[in-house]
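Undergrad: Supplied in structure tokens, the structure appears directly below.
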Amino acid sequence: MAPLPISSIRIGKIDDVQELIKSKPNKVPERFIREANERGVLVSHKTHLHHHIPVVDLSKLSKPHTHDDFLFEILKLSQACEDWGFFQVINHGIEVGVVEDIEKVAKEFFEMPLEEKKKYPMEPGTVQGYGQAFIFSEDQKLDWCNMFALGVHPPSIRNPKLWPSTPARFSENLEGYSKEIRKLCKRLLKYIAISLDLKEERFEEMFGEAVQAVRMNYYPPCSRPDLVLGLSPHSDGSALTVLQQSKNSCVGLQILKDNTWVSVLPLPNALVINIGDTIEVLTNGKYKSVEHRAVTNRERERLTIVTFYAPNYEVKIEPMGELVDDETNPCKYRSYNHGDYSYHYVSNKLQGKKSLDFAKILN
Ligand SMILES: COC(=O)C(/C=C/C1=C(C)CCCC1(C)C)=C/O[C@H]1C=C(C)C(=O)O1
Ligand SMILES: O=C(O)CCC(=O)C(=O)O
Ligand SMILES: [Fe+2]
Numbered sequence: 578m579a580p581l582p583i584s585s586i587r588i589g590k591i592d593d594v595q596e597l598i599k600s601k602p603n604k605v606p607e608r609f610i611r612e613a614n615e616r617g618v619l620v621s622h623k624t625h626l627h628h629h630i631p632v633v634d635l636s637k638l639s640k641p642h643t644h645d646d647f648l649f650e651i652l653k654l655s656q657a658c659e660d661w662g663f664f665q666v667i668n669h670g671i672e673v674g675v676v677e678d679i680e681k682v683a684k685e686f687f688e689m690p691l692e693e694k695k696k697y698p699m700e701p702g703t704v705q706g707y708g709q710a711f712i713f714s715e716d717q718k719l720d721w722c723n724m725f726a727l728g729v730h731p732p733s734i735r736n737p738k739l740w741p742s743t744p745a746r747f748s749e750n751l752e753g754y755s756k757e758i759r760k761l762c763k764r765l766l767k768y769i770a771i772s773l774d775l776k777e778e779r780f781e782e783m784f785g786e787a788v789q790a791v792r793m794n795y796y797p798p799c800s801r802p803d804l805v806l807g808l809s810p811h812s813d814g815s816a817l818t819v820l821q822q823s824k825n826s827c828v829g830l831q832i833l834k835d836n837t838w839v840s841v842l843p844l845p846n847a848l849v850i851n852i853g854d855t856i857e858v859l860t861n862g863k864y865k866s867v868e869h870r871a872v873t874n875r876e877r878e879r880l881t882i883v884t885f886y887a888p889n890y891e892v893k894i895e896p897m898g899e900l901v902d903d904e905t906n907p908c909k910y911r912s913y914n915h916g917d918y919s920y921h922y923v924s925n926k927l928q929g930k931k932s933l934d935f936a937k938i939l940n
């Protein structure tokens, strides 16, 4: 995917939030302060409600005791994808060591001095490297977050200069982790296909050599979490996203459910999965990519490791014939090439579900 034309992008000075809190722990610069309506008290008493999004036990799908157990879990999965766009998976089969190892190097990376991290810069108009993504103007508000993003698969999307030499085991741990997450995504897509009454391999066959990218998000504590956002509201452009929260993580992820921001309570050893825009389009809107955001904490830092899994850039995306009916369920999205959607997604700021307007058929 070509970088955006840099000459036209002026993004102003971007303060590194980790450095900010070292020098002025109680100061929140104007550029981080959101308008009251953006901070998101959307509705009533339910705001800040902690909620367990649906929990899917993958061992009940891979090694069910009975066929009914299998069907019950598939039903849970399909309800989660339809009603929430989010679920947590437990008993996912990824070894604790693999999860711990990636968390360790991600943490060590963010703890390095700024000069070291700046060796891997996210240049304006690109999405890989260390910095803040999705900033396209000088007056755009900033998120209270430092990011480090890398394309992982296929190798052609990698920028090897951005793979850090320190921490020493960073690349090795990321390779091992990404292989496991890739296997998990393939399994999940298989179960999602079953839940839609499609043949198991439907997505895998369609996706070709799937694109996989990782983004590590580090949210330092903020003295005024009520004024800032850790990550602006957005839906993910991927097919599936896998989010790992660091061990004993505080709450931070919120999803928009019935016009209310609902906090997701981290569960030990679970991974959070969400449906991306691509599955929404493929299922003609049956499974939803749901808007979400991250908020910060006054005392505690938070680290998340996020994998975006998507079809190959060459793949044509459109609602699947099996899920469209001209009479009862007409096509809601046009067809497009996933590479074009990726380009569109990364050329625009995070703004709720606006990116998906690219594909919507407006009546
Ligand atoms: C900061 O990056 C993102 O938030 C992001 C980008 C992912 C990507 C890379 C880091 C390098 C390779 C390209 C790709 C765009 C996948 C989000 O990813 C979403 C957005 C789309 C579209 C997608 O497929 O995943
Ligand atoms: O860090 C989080 O809780 C949310 C991250 C996220 O939504 C993303 O990286 O796309
Ligand atoms: Fe996201």
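Residue numbers (our numbering): 578 to 940. Backbone N, C-alpha and C fix where the C-beta goes; we use that ideal spot for every residue, glycine too. Treat the numbers as computed from the prediction; the structure is a model and nothing was measured.
1. For residue 918, does the three-state DSSP call read helix, strand or coil?
2. Tell me the residue span of the beta strand (DSSP E) that contains residue 629.
3. Touching or not, the region 794-810 and the region 595-610, by the rule of three or more beta carbon pairs under 8 Å?
4. Which same chain residues, not among the five before or five after residue 651, have their C-beta less than 8 Å away from its C-beta?
5. Taking DSSP's pairing of strands, which residues face residue 808 in a bridge?
6. Quick one: Cα of residue 712 to Cα of residue 591, how far?
7. Excluding sequence positions up to five away, which residues of its chain have a Cβ less than 6 Å from the Cβ of residue 780?
8. Which of the three DSSP states, helix, strand or coil, is assigned to residue 742?
9. For the beta strand (DSSP E) containing residue 886, name the first residue and the last one.
10. For residue 901, collect the residues of the same chain with a Cβ closer than 6 Å to its Cβ; drop the 5 residues on either side in sequence, then sort them by chain order.
11. In the structure shown, what three-state DSSP assignment does residue 663 receive?
12. Looking only at C-alpha atoms, which of 936, 835, 886, 663 sits nearest to residue 757?
13. Classify residue 644: buried if its beta carbon has 16 or more other beta carbons within 10 angstroms, exposed otherwise.
14. Between the beta-carbon of residue 629 and the beta-carbon of residue 830, is there less than 8 Å?
15. Taking the runs of the alpha helix (DSSP H) that are 4 residues or longer, which of them lie wholly in the region 744-825?
16. In three-state DSSP terms, what is residue 656?
TA: Here's the rundown:
1. DSSP places residue 918 in helix when its eight states are reduced to three.
2. Run containing residue 629: none; DSSP gives neither H nor E here.
3. Verdict: yes, contact present.
4. Closer than 8 Å at the Cβ level, and outside the excluded window around residue 651, lie 638, 768, 771, 772.
5. Answer by DSSP bridge pairing, in chain order: 871.
6. Cα to Cα, the separation comes out at about 9 Å.
7. 766, 770.
8. Of the three classes helix, strand and coil, the one that applies to residue 742 here is coil, per DSSP.
9. Per DSSP, the unbroken beta strand (DSSP E) holding residue 886 starts and ends at 879-887.
10. Cβ within range, chain order: 861, 908.
11. Correct three-state label for residue 663: strand.
12. For residue 757, the nearest C-alpha among the options comes from 886.
13. Flag for residue 644 reads exposed.
14. No; because the gap between Cβ atoms is not below 8 Å, this pair is not in contact.
15. Here the runs fully enclosed are 747-772, 779-784.
16. It is helical.
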